[in-house]
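At position 88 of the sequence shown (counting the first as 1) the number is 1332 in the numbering used here, and the numbers step up by one without a gap. Virtual Cβ for every residue (Gly too), placed ideally from N, Cα, C. I have placed the structure first, in the form of structure tokens, so that the comments after it can refer back to it.
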Amino acid sequence: MLKYYEPRLNLSSPEQQNIMGIIVSLHDPVDGEILRSVIEELRVRFPYFYVKASYNGSDLITVPNDLPMTVRNTWEPVSLNSEESNYHLAAWKYEGHRLAFELPHELTDGAGLFPYIKSAMFLYLSKRTGRTFDPTGFRLPGEEIPESEIGDPFADVDFQAVEAPFYRQKPVPDCFHLVNGMEIDKTVFYLKLPEERVMTYCRDKDASPNVLFSVFLAKAARRYDPSSEKPVTVFVAVDHKAILGNHDNYRLFAGNNVLVFPKDMDLNDITKTCTVARGQLILQAQPENSLWEIKERKRMLPILSLDIPQASFCVSYPKNASFGPLDAYIREMYVVTTLKPITDVLCELTCINHSFFLAFMQPFSSVKFFECFLDELRMAEIPCELLSREPLRMCGVQGMKS
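Here is the structure:
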């Protein structure tokens, strides 16, 4: 039987596919041959990403995959767990100045994936530029992999003593939605915003980036459909591992805190709105809540469907996006995921080189709501540069063969 912290793959159900990836844009064109050599070199340091699916009795597990991981010179998707991906559950791609790595979200989260991307860029840029960079803070081949990175992330926790927290915000079942069911024209907008202006605005309005963009989404929803009486809800992604003090482990233990903006809430008072939203987050982002969440996961209950709408929007902001000495070679960085009906719009924030980069993802091609969101940024006098717009093209996972 699977242990509670092992990936719970669900490859036989296409509706449940949940892929994530990181996109990095460099100042110089990508050299595919160097990238391929680097990816194979990293196999020994990050063996948990070089895997394929296999059955162990009735459990679908990951096992080592000795075949090369695909590195393709195209932005077109490839099917993971198939012959074209050498049956890997992950794949690289590059095109022009940018490159990306994609894999099932069940294998890891942003906090677990970023060290791998960071190390890949360290080796790639070392070879590409011929320079010697300070290796401090990078996970490189030749190092011993610590147990804290690959073992049970909560081995020292006495879950028998964990009690239910006093406060837990539950999702609102009948909340504001932009769409009814998933559409096919998934679209991503890539935005750039100045870090100094965003953070100054956050300080002035008693906000954090997570809270601020949640408030902007709520205001955009009211602008988009002022007649709707339904509350706007926003999932704010959290990392239970980090809350409980384990920042090394690669495994997925992400969750969502819930911000609720009822119809009668005056969203025009930005400071008051941000303060209320921060209070909601503070109540939920307590160690007691994370401990209870992990205790519940240890029960190995059935996985909740990602195809049931649960929130209006989602905001995610992994806060470790620094490449140290490599920052000067990196132009942009984004986190992307496949869109699921669990939420209508997903905003993934990263911050590097004094700029915020926002991947604004939606399951439709209309720009009406996106323009409402841009209007909120303009009203806040936060400069915003739309760098590109394109279809959201990500890998899928081929189901297990009988």
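Measure the alpha-carbon distance for Y1312 versus L1456 and round it to whole angstroms.
Reading the sequence as shown, one finds Pro at residue 1312 and not Tyr. Spanning the two alpha carbons is a distance of roughly 42 Å.
| field | Reduced DSSP secondary structure (H/G/I, E/B, other) of L1384 | value | For L1384, the three-state secondary structure derived from DSSP is coil.
For this session: Decide if the stretch 1425-1441 is in contact with the stretch 1519-1527; the criterion is three or more beta carbon pairs, one per stretch, under 8 Å apart.
Result: The answer is no - the stretch 1519-1527 does not touch the stretch 1425-1441, with fewer than three Cβ pairs under 8 Å.
Nearest-angstrom Cα distance between K1337 and S1329? 11 Å
Discussion item. For I1487, tell me which candidate among S1471, E1537, N1454 has the shortest Cα-Cα distance.
Written reply: E1537
* With a cut-off of 8 Å on the beta carbons, I'd call L1602 and L1435 a contact; round off their distance for me. => 4 Å
Review point. Which residue from E1346, L1496, I1263 puts its Cα closest to that of R1541?
Key: L1496
Handout entry: Distance between A1481 and L1511 (C-alpha atoms, nearest Å)
Key = 22 Å
- Message: So, with DSSP's three-state summary, where would you put K1296?
- Response: strand
*When DSSP labels each residue in this structure, what does E1250 get in the three-state scheme?*
coil
Hey, is the stretch 1258-1275 in contact with the stretch 1581-1593, meaning 3+ C-beta pairs nearer than 8 Å? yes
**Message:** Please classify H1349 as buried or exposed, where buried requires at least 16 other C-beta atoms within 10 Å of its C-beta.
**Reply:** buried
For this session: Leaving aside the five residues before and after F1460 along the sequence, list all residues of the same chain whose C-beta is less than 8 Å from its C-beta, in chain order.
Result: F1617, E1620, L1621, A1624
Where M1245 and P1251 are concerned, what is the direct C-alpha to C-alpha distance, given to the nearest angstrom?
12 Å
E1576 - DSSP class collapsed to helix/strand/coil: strand
Worksheet entry | Euclidean distance between Cα positions of L1343 and S1632 | 15 Å
Point to revise | C-alpha distance - K1247 paired with I1394, whole-angstrom precision | key: Taking the straight line from one Cα to the other gives about 13 Å.
### Residues of its chain near H1598, where Cβ-Cβ distance is below 6 Å and the 5 sequence neighbours each way are ignored
Same-chain partners within the cutoff: E1439.
Practice item. Check whether the Cβ atoms of F1600 and L1357 lie closer than 8 Å to each other. Key: no
### Rounded straight-line distance, which links the Cα of Y1360 to that of F1290
7 Å
Check your understanding: Can E1285 and P1385 be called in contact, C-beta distance under 8 Å?
Key -> Taking 8 Å as the Cβ cut-off, E1285 and P1385 qualify as a contacting pair.
Q. According to the Cβ coordinates, are H1332 and K1371 closer than 8 Å?
A. At the C-beta level, H1332 and K1371 stay beyond 8 Å of one another.
ask   = Ordered along the chain, which non-local residues of its own chain (more than five positions away) have a Cβ less than 7 Å from that of L1630?
value = F1433, L1435
### Message
Please classify S1646 as buried or exposed, where buried requires at least 16 other C-beta atoms within 10 Å of its C-beta.
### Response
At S1646, the pLDDT of 35 sits below 50, so the modelled position is not reliable and the matter cannot be decided from this model.
- Are there 16 or more other CB atoms within 10 angstroms of the CB of V1641, so buried, or fewer, so exposed? buried
Practice item. Compute the Euclidean distance between the alpha carbons of D1469 and A1334, then round it to the nearest angstrom. Key: Cα-Cα distance, rounded: 40 Å.
| task | Would you list the one or two residues that DSSP bridges to P1438? | result | S1599
Report task. Can you check DSSP and say which residues form a bridge with V1432? Result -> V1432 pairs with M1605, E1634.
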